[in-house]
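Asks: In my numbering, the protein residues as written are 41 to 171.
Beta carbons: idealized from backbone N, C-alpha and C, even for Gly.
Handing you this structure, nothing more for now.
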């Protein structure tokens with residue numbers, strides 16, 4: 041009986057470690073990226089032109105590059121953490137679609153209000169549950 045208890049303990053320990061390593065840690069990273077995405081979207085939504093063309097252009101480019109960076113990180117996350125992505129899908133999240141939507145939105149920032157931007161916004165809000 042002692043041998044079976046030892047084997048059972050090892051199996052439970054390995055299973056617990058696997059869940060933490062392959063699901064919990066990557067899911068925490070996903071939710072950090074999701075929070076950063078929300079902050080950036082709010083920052084862009086609150087952005088208004090100041091009349092200073094060079095300053096406005098710099099803010100616009102910073103927002104564009106940050107959204108693209110976050111999209112690339114989410115897209116990369118979806119390819120490198122398959123187990124966590126499946127677990128997040130159960131909760132209704134889709135990091136790959138969210139990442140692609142952010143990348144496409146960063147390309148459409150100068151066309152705010154157009155159909156392409158709105159379409160990507162809808163994909164983003166559905167995939168990451170933001171907005």
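(1) To the nearest angstrom, how far is it from the Cα of residue 116 to the Cα of residue 134?
(2) Roughly how many angstroms lie between the CA atoms of residue 96 and residue 67, to the nearest whole one?
(3) Here's a check: name, in chain order, each residue in its chain whose Cβ is nearer than 6 Å to the Cβ of residue 174, leaving out the five neighbours to either side.
(4) Please report the straight-line C-alpha distance between residue 146 and residue 103, rounded to a whole angstrom.
(5) Just the C-alpha distance for residue 167 and residue 131, rounded to the nearest angstrom, thanks.
(6) Does the structure place the segment 110-126 close enough to the segment 65-85 that three or more beta carbon pairs sit under 8 Å?
(7) What residue does the alpha helix (DSSP H) around residue 143 start on, and which one ends it?
(8) Residue 31 lies in the alpha helix (DSSP H); which residues open and close that run?
(9) So for residue 169, helix, strand or coil by DSSP?
(10) By alpha-carbon positions, which one of 144, 169 and 43 ends up nearest to residue 109?
(11) By Cβ distance, which residues of its chain are closer than 6 Å to residue 114, with the 5 residues on each side in sequence left out?
(12) Taking the C-alpha atoms as reference points, what is the distance between residue 75 and residue 128?
Replies: Taking the definition as stated:
(1) 12 Å
(2) 35 Å
(3) What the structure shows of the chain is the stretch from 41 to 171, and residue 174 is not part of that stretch, so it cannot be assessed.
(4) 8 Å
(5) 11 Å
(6) yes
(7) 135-148
(8) For residue 31 there is no data in the structure shown, the boundaries of the chain being 41 and 171.
(9) coil
(10) 144
(11) 73, 135, 138 and 139
(12) 15 Å
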